[in-house]
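Read top to bottom, the protein sequences are chains A and B.
The opening residue of the first sequence carries number 0 in numbering that gives the first Met the number 0; numbering runs sequentially from there.
The opening residue of the second sequence carries number 0 in numbering that gives the first Met the number 0; numbering runs sequentially from there.
Idealized CB from N, CA, C, for every residue including glycine.
In this text the structure is predicted, and so the values were computed from the model without any measurement.
Report on the structure given below.
Protein chains: 2
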Amino acid sequence: MFELLATDPSSSARRGRLTTPHGVIETPIFMPVGTQATVKAVHPQELRSLDAQIILGNTYHLWVRPGTEIIGAAGGLHKFMNWDRPILTDSGGFQVFSLAKLRKLKEEGCYFNNHVDGTPMFLGPETAMEIQATLGSDIAMLFDECTPWPCKHEDARSSMELTLRWARRCRDWIDKHQPQTGGGAQLHFGIVQGSTFEDLRQRCAREMVAMGFSGYAIGGLSVGEPEEDMMRIAEWTCPLLPQNQARYAMGLGTPPQIVELIARGIDMFDCVLPTRLARNGTAYTHDGPMNLRNNKFAKDFRPLSEDTHPLCQGFSRAYIRHLINTQEVLGLRLISLHNLHFYLSLASRARLAIEQGCFAEFRAEVVARYQNRPETSDT
Amino acid sequence: MFELLATDPSSSARRGRLTTPHGVIETPIFMPVGTQATVKAVHPQELRSLDAQIILGNTYHLWVRPGTEIIGAAGGLHKFMNWDRPILTDSGGFQVFSLAKLRKLKEEGCYFNNHVDGTPMFLGPETAMEIQATLGSDIAMLFDECTPWPCKHEDARSSMELTLRWARRCRDWIDKHQPQTGGGAQLHFGIVQGSTFEDLRQRCAREMVAMGFSGYAIGGLSVGEPEEDMMRIAEWTCPLLPQNQARYAMGLGTPPQIVELIARGIDMFDCVLPTRLARNGTAYTHDGPMNLRNNKFAKDFRPLSEDTHPLCQGFSRAYIRHLINTQEVLGLRLISLHNLHFYLSLASRARLAIEQGCFAEFRAEVVARYQNRPETSDT
């Protein structure tokens, strides 16, 4: 289901094609995040105009609201949210560990009270698989534990071993139920954990691959670790993952981080930053983030950038700044579109560069030009 | 500049055409409200897809934020907000009297502290005209005082007389400065006040018309008075307004109220309800408002209505309810579009009915079918 179309001679960058029940995904790819069955502030028609090939949904959030009964009755997440291209759902584990209250982690899974109305709930490997089968996503993620940073080797090891035991139970559930969506078999991606420790990452990768999933993700990145660690983790892990399967680095990052991880052999990315930063008025540019709340944009009648999304053309920085200052939804909409366009273009430019054999130049240019200026910090 | 194209034999309803510097407006017309240089949550391209012919801007809000200096530097409100069709601006008086703090009403105008940062400001007839000239709206409203309801005859009289003295000063300012926009002369509409008193409304209408403006509005409606009073005020006023000029009922109302006021000779309407009610999850239907927060819509997979806006097609009531419950912007967007489509369609159906000589049937059908159900009250 994953076809390797081209490789970059200067790095481990790959140009690939992943086939899912709801369509084909050209990689490397950026996946807009649609946590609650909507990419925040964006209409599905706009996602099409952005050429978004696949979006994310969130198992924990959708399970809490509106609930799988309602999405099941609608005929699955695609029909519920009026999106007929591929969807990837995460397992919900990350949100249980970050959002839910009164968590009790046990061997069987996690007991918690949800963050909306405090209802007691339980999420374990089988439940996570079952919910994602009901949602009917094209790619379901395995239930894992994500270690915080920093983390002692001993804690990272026992957490990673739990993730492997849970993966085994997911594998068994999948083999038994063989979930289908859109007329085909749902894909399942295993997640490699192990914090910042080479031995743990490599052991987890080997054992995960041995269980045989449709693709593999690197989890536990962008949780506060130094960027060098993030890169090292990819360097330790990718060579152990099958060449003919897709690789997904979860929940990151800045534009240079994405390009640097593509160079290390990653194919798929998701990140909430494009839409989250839009809410505080930050727009991405090739030179770094630009915070429109800054007074210097008050009479700046230039567009956000020369190569912004068509729906953002005709609107000045001064106008969008006014919309953000007055908390008008159109401001959020325009910057969200612009930022998603920026990330999706970054991925399509990377694909083209690998195809054309000029990825090294592309990588050098993106990294050299992009500055994370303090006034407009991402954090 | 106003052409009367057809009249209804069964009522005072009129089919007309108003020419402004930025384009032609077919009447009766509903005008979406764009208070802060944006129709809340709606993109200008969507306004075009709704066939919105003219939108409103708000002098007070735009003066406070971002300020006329910035909008002037942008080349006027049309360029600032990327909208090239007609714009009507109100005078700001209503917001000064409803939003601003520490108001002191004097003969020369109103001293107040603005509601955003408390800056002391002064708005009078000349200032209101000057700001609207800078905004470059196609239709500028005169500066008036809007009386609350209920109001004693004596208070209503002195307020109406102040409105007339301010109108005289607006007239003088216009004659002296002759403001232009989009290559033509800005239009100016006088506002008839006088609360619920026939003698005051009629005196105000006569004296306002004697001063000679481009069109006339009825102000002080929908401020809490019984609906019969609203209708009576239109009945007293419209016959005194010139047949060959446009008439505008400010700031209302429900769909049956709009149809009943068309029947009394009103041509233009504006109302925040379509976008304001969207924010609490209320969608308009031919049968009355429908509040999607209601639990009965949890598994209702039908569309909002059969004749909703194209961008709302494919989304179920259950899905939009989920978006509203989770405060997702797309829910607000979809209902805003749906509701504006409902109001703009109401106006276009009224135009067609007058042209085809079946306005009486249209009026009877709209009024009989629409029910303001208590569970989904507008207020």
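| query | result |
| --- | --- |
| P441 (chain A) and A349 (chain A) closer than 8 Å at C-beta | Absent from the structure is residue 441 (chain A), since the part of chain A shown begins at 0 and ends at 378. |
| Alpha-carbon spacing of A72 (chain B) relative to E2 (chain A), whole angstroms | 54 Å |
| Coil, strand or helix - V365 (chain A) by DSSP | helix |
| Proximity of A204 (chain B) and L239 (chain B) at Cβ, strictly below 8 Å | yes |
| Contact list for N324 (chain A) against chain B, beta-carbon separation under 9 Å | R64 and P65 |
| DSSP-derived helix/strand/coil call for P20 (chain A) | coil |
| Beta-carbon spacing of P20 (chain A), T180 (chain A) below 8 Å | yes |
| L163 (chain B) vs E206 (chain B) beta-carbon contact at 8 Å | yes |
| Three-way DSSP call (helix, strand, coil) for K295 (chain B) in this model | helix |
| Helix, strand or coil at L49 (chain A) according to DSSP, with G and I counted as helix | coil |
| Range covered by the alpha helix (DSSP H) that runs through T88 (chain B) | Looking at the DSSP string, T88 (chain B) is not in any alpha helix (DSSP H); the run it does join, the beta strand (DSSP E), is I86 to D89. |
| Beta-carbon proximity list for Q244 (chain A), same chain, < 6 Å, skipping 5 on both sides | F1 and G214 |
| Candidates A:S10, A:P43, A:P85 and A:F79: closest to T18 (chain A) by CA position | A:P85 |
| Simplified DSSP state of P288 (chain A), which is helix, strand or coil | strand |
| Backbone CA spacing between G75 (chain B) and Q131 (chain B) [nearest angstrom] | 10 Å |
| Sub-8 Å separation of I190 (chain B) and A216 (chain B) beta-carbons | yes |
| Sequence-distant residues of its chain with Cβ nearer than 7 Å to T284 (chain B) (five each side left out) | S304 |
| Any 3 or more C-beta pairs closer than 8 Å across the region 320 to 335 of chain B and the region 290 to 302 of chain B | yes |
| Environment of H187 (chain A) [buried if 16+ CB atoms lie within 10 Å] | buried |
| Residue-level contact to chain A via CB, Q52 (chain B), 8 Å cutoff | no |
| Beta strand (DSSP E) runs contained entirely in the region 225 to 269 of chain B, provided each spans 3 or more residues | 245 to 248 and 267 to 269 |
| Residue-level contact to chain A via CB, H321 (chain B), 8 Å cutoff | yes |
| Beta-carbon gap between P273 (chain A) and S335 (chain A) smaller than 8 Å | yes |
| Rounded C-alpha distance that separates W235 (chain B) from G264 (chain B) | 11 Å |
| C-beta contact flag for D266 (chain A) and R13 (chain A) at 8 Å | yes |
| Local conformation of R14 (chain A) per DSSP, three classes | strand |
| C-beta atoms of Q94 (chain B) and H42 (chain B) nearer than 8 Å | no |
| Option nearest S466 (chain B) by Cα separation, candidates B:A367, B:N371, B:A352 and B:R368 | The displayed coordinates of chain B run from 0 to 378. Any statement about residue 466 (chain B) would go beyond what the structure contains. |
| Proximity test, Cβ basis, 8 Å: R348 (chain B) and chain A | no |
| Proximity below 8 Å, CB of L122 (chain A) to CB of G91 (chain A) | yes |
| Counterpart residues of L303 (chain A) in DSSP-defined beta bridges | Partner(s): none; L303 (chain A) has no beta bridge. |
| Member of B:F341, B:N112, B:P178 and B:R332 whose CA lies at the smallest distance from the CA of K39 (chain B) | B:R332 |
| Simplified DSSP state of F314 (chain B), which is helix, strand or coil | coil |
| Own chain, CB closer than 8 Å to T378 (chain B), minus 5 neighbours either side, in chain order | Residue placement at T378 (chain B) is flagged as unreliable, the pLDDT there being 33, under the threshold of 50; the coordinate-derived value follows with that caveat. Within the same chain, T378 (chain B) has no close Cβ partners at all. |
| Per-residue contacts from E305 (chain A) into chain B (C-beta, under 7 Å) | In chain order: nothing, as chain B lies at least about 17 Å away. |
| Contact with chain B by M207 (chain A), beta-carbon distance below 8 Å | no |
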